[in-house]
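Position 2 of the sequence shown, counting from 1, maps to 1 under numbering that gives the first Met the number 0, and the rest follow consecutively. Where is the CB? At the ideal position from N, CA and C, for every residue including glycine. A short write-up of the structure that comes next.
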Amino acid sequence: MKKHAHHPYAIAWLARLGILTLAAMLFAMPATPLLADDHDHDHDHEDEHYEEEEEVEGFLLDIELFERLLGLVETMKEIADSPTLSAVAAVMGVEDHVEGPGEMVEMLEPLLEESDDETVQRVIRFKLIDAYSELDQPEKVKEHLRALILQVDD
């Protein structure tokens with residue numbers, strides 16, 4: 000299968016394009032006259048001015064949201080490209096998919112033995128320490144703390 004090459008700055012250019020598009024939209028907005036003939040027109044123009052300010056603020060919020068979305072996409076790509084980061088993300092999310100600390104221990108203890116990645120093993124130990132603490136098993140907590148401190152490989 001052919002792997003597609005991605006330009007490292009493609010997302011940054013996409014963000015710039017979005018910002019330029021929004022800037023063009025702002026410049027295309029009709030200008031509000033600064034002077035009016037009577038007081039009522041002044042009030043109408045003030046209302047229009049505030050509406051335009053709200054629109055500009057809305058555009059700026061859209062730009063900020065777009066930038067955050069691009070940041071999230073870049074982060075997810077970085078995680079997906081790295082087996083270690085992917086495994087760490089999975090371990091960090093385990094508690095959302097198991098029924099309590101007992102099931103977490105049942106799932107993670109065998110994975111600690113099976114994993115060859117030292118980073119992933121350490122993250123698993125952190126989760127096991129939390130689970131054993133909740134299960135009130137201080138000896139198991141100490142065992143995993145000791146392994147982390149002494150950098151013991153399984």
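- Where Gly92 is concerned, there is no enclosing alpha helix (DSSP H), because DSSP gives it neither an H nor an E.
- With the rule of 3 Cβ pairs closer than 8 Å, the segment 91–110 does not count as touching the segment 69–78.
- Contact between Val87 and Val122 holds: their C-beta atoms lie close to 5 Å from each other, under 8 Å.
- Setting aside the 5 residues that flank it on each side, Val97 is surrounded in the same chain by Met103 and Met106, each with a C-beta closer than 7 Å to its C-beta; the list follows chain order.
- Here DSSP, grouped into helix, strand and coil, assigns Glu47 to helix.
- Collapsing the DSSP output to three states places His96 in coil.
- The residue from Phe65, Thr83, Leu127 and Leu144 with its alpha-carbon nearest to that of Ser114 is Thr83.
- Glu54 and Ser132 have their C-alpha atoms some 52 Å from each other.
- Burial of Gln120 is indicated by the presence of at least 16 other C-beta atoms within 10 angstroms of its C-beta.
- Leu110 is positioned such that its CB atom lies no closer than 8 Å to that of Arg124.
- Membership of Val122 in the alpha helix (DSSP H) is indicated by the continuous run Glu117 to Glu133.
- Around the beta carbon of Leu59, fewer than 16 other beta carbons sit within 10 angstroms, so the residue counts as exposed.
- At least 8 Å separates the beta-carbon of Ile128 from that of Leu149.
- Taking each of Leu134, Asp116 and Thr118 in turn and checking the Cα distance to Gly101, the smallest one comes out for Leu134.
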